[in-house]
Every structure is written in C-alpha cells, then in structure tokens.
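full-length UniProt numbering applies: residue 1 is where the sequence shown begins, and numbers increase by one.
Note that the Cβ used here is the ideal one computed from N, Cα and C, for glycine as well.
Here the structure is a predicted model, which is why all the values come from computation and not from measurement.
Note sheet for the following structure.
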Amino acid sequence: MDVGAAIFLTGEVQHPAELAQRLEAAGYESLMVTEHTHIPVSAGMVDRAGGPLAEHYRRTHDPFVALAFAAAATERLVVGTSVCLVIQHDPIVLAKQITSLQNLSGGRFVFGVGAGWNKPEMRNHGTDPDTRHGSMRERVEAMKAIWTQDEASYHGKHVDFDPIWQWPKPEVVPPVFVGGNGPRVEDRVLRYGDGWMPNMKDLGELSERVTALRERAGSRVPVTYYGATPETLETIADAGVDRALIVLDSVSQPSIPSIT
1 MDVGAAIFLT GEVQHPAELA QRLEAAGYES LMVTEHTHIP VSAGMVDRAG
51 GPLAEHYRRT HDPFVALAFA AAATERLVVG TSVCLVIQHD PIVLAKQITS
101 LQNLSGGRFV FGVGAGWNKP EMRNHGTDPD TRHGSMRERV EAMKAIWTQD
151 EASYHGKHVD FDPIWQWPKP EVVPPVFVGG NGPRVEDRVL RYGDGWMPNM
201 KDLGELSERV TALRERAGSR VPVTYYGATP ETLETIADAG VDRALIVLDS
251 VSQPSIPSIT
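Here it is, written out as structure tokens:
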C-alpha cells in the first residue's frame, strides 16, 4: 500500500514546493490537497455536522496552481485533489487545466472529485444543491469525452456542448476517484469513476465496503483512503486499500509523521 499526505493547503502553510520536497524525501508517495473556493458569510463558520468550521476552510489555495508548484519541485511525488469540487467549475476549462498539469508533471496527477456539502457555496457558483450529484457526473463524463475524443461533444441536463476541439490530450488520462461514504457512492464509482476515495472512521465498515465494491465490479477497483494515521496503516492495508492519505495539520511547518 502506498502512503501519501493530504492537507488543506492555505496561505499560512509552508510553500507547496517545499512541502512536496519534504514529503518526497520522507518516502511519501503523494500529496493531495482539498478545495474550497470560498466560504459564504451567510453559511457561518459551521461544518456539515453542525460543529465549528476550522479556519483553514476559508483560506485554501487554488489546488491546481498549488499542485503545479509541488509537481515542478519533485521527481516522483504523485499530486492530486482530495477532493476537487467539480460542480464549481466549467468542465471545458477544468479539462484543459487538468490536462496541462497531467502532461507537464509527467503523468503524476490523480483526480479526486466530490459534490461538496456547503449549499450556499454551491449556490454562489450557480449550482442547485439538489442536483449536485447529477451535475458532477455530467461534468466528469464531459471531461472524459474531451480527454479521449478528437471531436468531443456532450449533451446532458447540466452540461451541453456540440463537438469541440481541445488539444493537447492527456498523455495518461487522469484516474477519477469519487469521494464520499454515502449509500450511493459505490454506484457513482462504478458509473463514471475509476476508483473510490472514502474517509469513514469505521475501518471494519471500510473493509466490508471495499470487498463488496470489488465484487460488484468484478475487478480490483482502486481505493484511496483519506484520514489515515501511522497507527492505522496496517489495518487500512488489510482492508484492501491501495493508497492511504495521512492528513497533515494546516500550520506553517506541518509535521510529517514517519512511515518507515
């Protein structure tokens, strides 16, 4: 099992290039960053469970700019999103951004996606929270069409465009990891994803659902787990996870746990 790091990369955290170099030197396989374009004042500093929202939610860098710096400063480190809020992006523009990062990094990008939970944030981007999962699916499907077809088109309820040209194409199509723990997330993984990115606390449930997902798929669906600790790595590996992400603190010099 590979071990990577995840972080809310804010303006107060060490520069992404320096952090990426530290992670690569420490033997980490990857660096994944979280996205929030903003937090609406009307929503308050309250998280999805009704508790206090951590300050770093409203201070994150743009993930793709930050990851470009991280990739440029390293040789082997995989970079990715955990997760990108796809419904807040134009899929044609996002497809171009990701292709550029993928090719210029030498194929080291992993695309973790999620529909989000902050409804006022979604509305500010013109997305109806009630249709966010359908909107995410269409955006991902449209981007995959752009990445793989010379003349790509897509006609859906939320995304609609006639044939377009967009080059370059990704030299390696980025794997899409669908984030979430809900009862329908496996359906989404199998419909338009390439892997799953869960973060549930119950590692027994994790093991059961990884096994069930792969039985449904008839293949070894890749799984990246968000929220590991050095102490839980062995249990997570036994659950069949392929990559475990240890979440670093969003401080000026994040401590990097030993994994060797």
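Beta bridge pairing from DSSP links T224 with R243. Membership of L53 in any beta strand (DSSP E) is not indicated, and neither H nor E is assigned to it by DSSP. Taking C-beta atoms as the reference points, A244 and V210 fail to come closer than 9 angstroms. H36: not part of any alpha helix (DSSP H); DSSP gives it neither H nor E.
Excluding residues up to 5 positions away in sequence, P175, V176 lie with their Cβ nearer than 6 angstroms to the Cβ of D194 in the same chain. With three or more CB-CB distances shorter than 8 angstroms, the stretch 6-23 counts as touching the stretch 51-61. Rounded to whole angstroms, the separation of the alpha carbons of D2 and Y28 is 8 angstroms.
Taken through DSSP and simplified to helix, strand or coil, Y28 comes out as coil. Taken through DSSP and simplified to helix, strand or coil, F8 comes out as coil. Per DSSP, the beta bridge partners of I164 are A152. Look at the beta carbons and you see the stretch 69-87 not touching the stretch 38-51: under three pairs across the two are nearer than 8 angstroms. In the DSSP assignment, L101 falls outside any beta strand (DSSP E) and within the unbroken alpha helix (DSSP H) covering 91-104. The alpha-carbon separation between L203 and A237 amounts to approximately 10 angstroms. A contact between stretches requires three or more CB pairs, one per stretch, nearer than 8 angstroms, and the stretch 94-104 fails this requirement with the stretch 123-134. For the options A70, V189, G180, the alpha carbon positioned closest to that of S82 is the one of G180. Contact between the stretch 17-25 and the stretch 99-115 is absent: fewer than 3 CB-CB pairs across the two stretches fall below 8 angstroms. Beta-bridge partners of T131 (DSSP): none assigned.
About 16 angstroms separates the beta carbons of T131 and H155, which is beyond the 8 angstroms limit, so they are not a contact pair.
Within the same chain, T229, P230, I246 come within 8 angstroms of P257 by CB-CB distance, once the 5 residues on both sides are set aside. Rounded to the nearest whole angstrom, the C-alpha separation of N118 and E141 is 23 angstroms.
In the structure shown, G80 adopts extended strand secondary structure according to DSSP, grouped into three states.
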